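Trainee: Here you go, one structure.
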Amino acid sequence: MQDLAELERRINAALQRIGAGLDASPGPSEVAPAAAPGTVEIDRLTAELEAARAETAALRLQLSAAAQPAPRSVPATELEARVEQVTRQLDVQGLELQRLRKNVVQLRENLRTLRRAATERLADPEQINRAMLAELESIRVTRFAEIAELDEIIAELDPLIAPEVPEHA
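Okay, structure coming up:
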């Protein structure tokens with residue numbers, strides 16, 4: 001941005017010098033055809049002005065190109081595969097969440113029944129078995145959730161660990 005301001009300043013200075021040179025030079029009727037020292041200066045300043053304008057235009061193009069967001073270098077097929085993978089992971093997590101919720105409801109019900117039996121001092125072996133089965137199912141669901149989480153971690157690490165295979169086929 002500072003380069004652009006510097007170029008504008010230089011252009012304005014060149015225009016002022018050209019204007020001052022035109023004002024100081026005698027009119028066309030006063031100049032003989034052989035007197036061309038002023039035109040050399042004007043030609044030089046005009047060339048400098050044109051060069052500065054071209055440089056300004058090039059810098060503006062660079063500035064507008066830099067202001068635009070860079071295009072993604074990731075191919076669409078890779079993005080689609082990533083979206084599909086994330087969708088599968090979300091589906092697995094959704095199923096695990098449903099299992100966990102169902103298990104929590106079952107554990108609460110068994111706990112309520114065991115509390116009632118404890119307050120009445122009744123030992124119901126069937127109720128104890130149901131509570132143990134519910135707890136076992138809770139452990140299984142937790143294990144499945146951990147496996148799903150580990151699968152996600154492995155899926156993220158695989159591209160980082162796998163050696164790059166050159167595409168010479």
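Every letter in the sequence shown is one number past the one before it in UniProt numbering, and letter 8, counting from 1, is 8. Just so it is clear, CB atoms sit at the ideal spot from N, CA and C, and this is done for glycine as well. For clarity, every value in this text was computed on a predicted model and none was experimentally measured.
Using the C-alpha atoms, what's the distance from I153 back to I128?
Mentor: Position 128 of the sequence shown, counted from the start, is the residue given in the question as residue 128. Position 153 of the sequence shown, counted from the start, is the residue given in the question as residue 153. Roughly 37 Å between the two C-alpha positions.
Trainee: In terms of alpha-carbon separation, which member of T142, D151 and I18 lies closest to Q89?
Mentor: Within the sequence shown, numbered from 1, the residue matching residue 89 stands at position 89. It is D151 whose Cα lies nearest to the Cα of Q89.
Trainee: Report the option in E8, E50 and L45 whose CA atom is closest to the CA atom of A20.
Mentor: The sequence position of residue 20 within the sequence shown is 20, counting from 1. Of E8, E50 and L45, the residue nearest in Cα terms is L45.
Trainee: Grouping DSSP H, G and I as helix and E and B as strand, with all else coil, what is S138?
Mentor: The residue given as residue 138 occupies position 138 in the sequence shown. Looking at S138 - three-state DSSP - the assignment turns out to be helix.
Trainee: Assuming contact is defined by CB atoms lying nearer than 7 Å, are D124 and A117 in contact in what I supplied?
Mentor: Residue mapping note: residue 124 aligns to position 124 of the sequence shown, counting from 1. Residue mapping note: residue 117 aligns to position 117 of the sequence shown, counting from 1. Taking 7 Å as the Cβ cut-off, D124 and A117 qualify as a contacting pair.
Trainee: Look up E120 in the DSSP assignment and say whether it is helix, strand or coil.
Mentor: Here residue 120 refers to the residue found at position 120 when the sequence shown is read from its first residue. Here E120 sits in coil by DSSP.
Trainee: With respect to the alpha helix (DSSP H) encompassing A14, which residues constitute its N-terminal and C-terminal limits?
Mentor: Counted from its first residue, the sequence shown places residue 14 at position 14. Here the alpha helix (DSSP H) through A14 covers Q2 to A24.
Trainee: Comparing C-alpha positions only, which one of E120, R130 and G94 sits nearest to N110?
Mentor: For the purposes of this step, residue 110 is taken as residue 110 along the sequence shown, with counting starting at 1. With distances taken between Cα atoms, N110 lies closest to R130.
Trainee: Which term fits V141, buried or exposed, when burial requires 16 or more other beta carbons within 10 angstroms of its beta carbon?
Mentor: Counting from 1 along the sequence shown, the entry for residue 141 is found at position 141. Label assigned to V141: buried.
Trainee: When you compare the stretch 133-147 with the stretch 93-111, are there three or more beta-carbon pairs, one atom per stretch, that lie closer than 8 Å?
Mentor: Result yes; three or more Cβ-Cβ pairs closer than 8 Å.
Trainee: Quick one: grab the DSSP three-state call for S64.
Mentor: Walking along the sequence shown from the start, residue 64 turns up at place 64. Helix at S64.
Trainee: Just checking my contact of A14 with E48 at CB under 8 Å: how many whole Å lie between their CB atoms?
Mentor: Looking up residue 14 in the sequence shown gives position 14. Looking up residue 48 in the sequence shown gives position 48. Confirmed, about 6 Å.
Trainee: Determine the burial state of A52: buried for a count of at least 16 other Cβ atoms within 10 Å of its Cβ, exposed for fewer.
Mentor: Working through the sequence shown from its first residue, we reach residue 52 at position 52. It is buried - the Cβ of A52 has at least 16 other Cβ atoms within 10 Å.
Trainee: Identify, in the order they occur along the chain, each residue of the same chain with its Cβ nearer than 8 Å to the Cβ of L7, setting aside the five sequence neighbours on each side.
Mentor: As a first step, residue 7 must be located in the sequence shown, where it is residue number 7. A52, E55, T56 and L59, listed in sequence order.
Trainee: From A134 to R99, what does the alpha carbon distance come to, in whole angstroms?
Mentor: Here residue 134 corresponds to residue number 134 of the sequence shown, with the count starting at 1. Here residue 99 corresponds to residue number 99 of the sequence shown, with the count starting at 1. Computed Cα separation, rounded: 12 Å.
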